[in-house]
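*Asks:*
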Amino acid sequence: MSEGRFEFLDGYPADVLAFEAKGTIGAEAYEQHLIPAVEAKIAAEGKVKLLYIIGDAFDGYTAKAAWDDTKLGLSHLGDFAAVALVSDVDWIRWGVQAFAPMIPGTVKLFRLSELDQAKAWICAAGKAEEDHSHDVAASHKLPTLEDRQPPLED
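Per UniProt numbering: the sequence shown = residues 1 to 154.
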């Protein structure tokens, strides 16, 4: 197992923080690198989008790093507009699926073979809310429940 680190990736929009976990991620990687990077991005951009890659160079987390990850997520719960997790590690995918409903932003899982789709998705995430050109104009309304109830008899 190699000492863990987060490798930050360039070439993304200003509101995207893209990084890959490599080696065995310990508390130091969180406390000295990832947490400050997340907090700086939030301070600069407001809500941020995360592209988190856990690939073949990932060996695991220490218990303290797992706790730091939980604290980071909980302390910035409302600050993530979108999260794209790219990983084939089943226990990590299951954990993200379990906590995704608690995250106000959109969370999407991708396999390593879908890295290009994940990159495109995270860069475009949130733009649908701003660009309403694809909205559908509704010409019919659905009847309310009251419209479907039989009349009361006297």
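Positions of the beta carbon are idealized from the N, C-alpha and C atoms, including for glycine. Model, not experiment: these values are computed from the prediction.
1. Express the C-alpha separation of alanine 118 and valine 40 in angstroms, rounding to a whole number.
2. When DSSP labels each residue in this structure, what does isoleucine 103 get in the three-state scheme?
3. Taking only runs that begin and end inside the stretch 12-79, name each unbroken beta strand (DSSP E) of 3 or more residues, in chain order.
4. On the DSSP bridge assignment, give the partners of valine 86 in chain order.
5. Expressed to the nearest angstrom, what Euclidean distance is found between the alpha-carbon atoms of alanine 84 and alanine 14?
6. Should glycine 4 go down as buried or exposed, given a rule of 16 or more other Cβ atoms within 10 Å for buried?
7. Buried or exposed: where does lysine 49 fall if 16 or more other Cβ atoms within 10 Å of its Cβ makes it buried?
8. Roughly how many angstroms separate the alpha carbons of valine 107 and aspartate 10, rounded to a whole number?
9. Whole angstroms are fine: how far does the CA of alanine 125 sit from the CA of glycine 105?
10. Which two residues bound the contiguous alpha helix (DSSP H) that contains alanine 120?
11. For glutamate 130, count the other beta carbons within 10 Å of its own beta carbon; 16 or more makes it buried, fewer makes it exposed. Which is it?
12. Taking the alpha-carbon of leucine 72 as reference, which of Tyr12, Gln32 and Cys123 has the nearest alpha-carbon?
13. Can the beta-carbon of isoleucine 53 be found closer than 9 angstroms to that of phenylalanine 19?
14. Would threonine 24 and threonine 70 qualify as a contact pair, given that the criterion is a beta-carbon distance under 9 angstroms?
15. Taking just the CA atoms, how far does leucine 17 sit from tryptophan 91?
*Replies:* In short:
1. Indexing the sequence shown from 1 puts residue 40 at position 40. Indexing the sequence shown from 1 puts residue 118 at position 118. Note on identity: in this sequence residue 40 is alanine, with valine being the wrong assignment. Each residue's alpha carbon lies about 23 angstroms from the other.
2. Position 103 of the sequence shown, counted from the start, is the residue given in the question as residue 103. DSSP places isoleucine 103 in coil when its eight states are reduced to three.
3. 16-25 and 48-61
4. Start at 1 with the first residue of the sequence shown, and residue 86 comes out as number 86. Valine 86 pairs with Ile53 and Phe110.
5. Translated into positions along the sequence shown, residue 84 becomes position 84. Translated into positions along the sequence shown, residue 14 becomes position 14. Using only the alpha carbons, I get a separation of about 16 angstroms.
6. Reading the sequence shown from its first residue, position 4 is the one you call residue 4. Label assigned to glycine 4: buried.
7. The residue you call residue 49 lines up with position 49 of the sequence shown. With 16 or more other Cβ atoms within 10 Å, it is buried.
8. Residue mapping note: residue 107 aligns to position 107 of the sequence shown, counting from 1. Residue mapping note: residue 10 aligns to position 10 of the sequence shown, counting from 1. Each residue's alpha carbon lies about 21 angstroms from the other.
9. Counted from its first residue, the sequence shown places residue 105 at position 105. Counted from its first residue, the sequence shown places residue 125 at position 125. Cα-Cα distance, rounded: 10 angstroms.
10. As a working note, residue 120 is residue 120 in the sequence shown. That run of the alpha helix (DSSP H) goes 115-124.
11. Within the sequence shown, the letter at position 130 stands for residue 130. Residue confidence for glutamate 130 is low, a pLDDT of 44 falling below 50, so the modelled location carries little weight; the figure read from the coordinates is stated next. Counting Cβ neighbours within 10 Å, glutamate 130 comes out exposed, since fewer than 16 surround it.
12. Sequence index remark: in the sequence shown, residue 72 carries index 72 (1-based). Checked all of Tyr12, Gln32 and Cys123; the closest Cα to leucine 72 is Gln32.
13. Translated into positions along the sequence shown, residue 53 becomes position 53. Translated into positions along the sequence shown, residue 19 becomes position 19. It is a contact, given that the beta carbons lie within the stated cut-off.
14. Taking the sequence shown and counting its residues from 1, the one referred to as residue 24 is at position 24. Taking the sequence shown and counting its residues from 1, the one referred to as residue 70 is at position 70. Taking 9 angstroms as the Cβ cut-off, threonine 24 and threonine 70 do not qualify as a contacting pair.
15. As a position in the sequence shown, residue 91 is number 91, starting the count at 1. As a position in the sequence shown, residue 17 is number 17, starting the count at 1. The straight-line gap from Cα to Cα measures roughly 23 angstroms.
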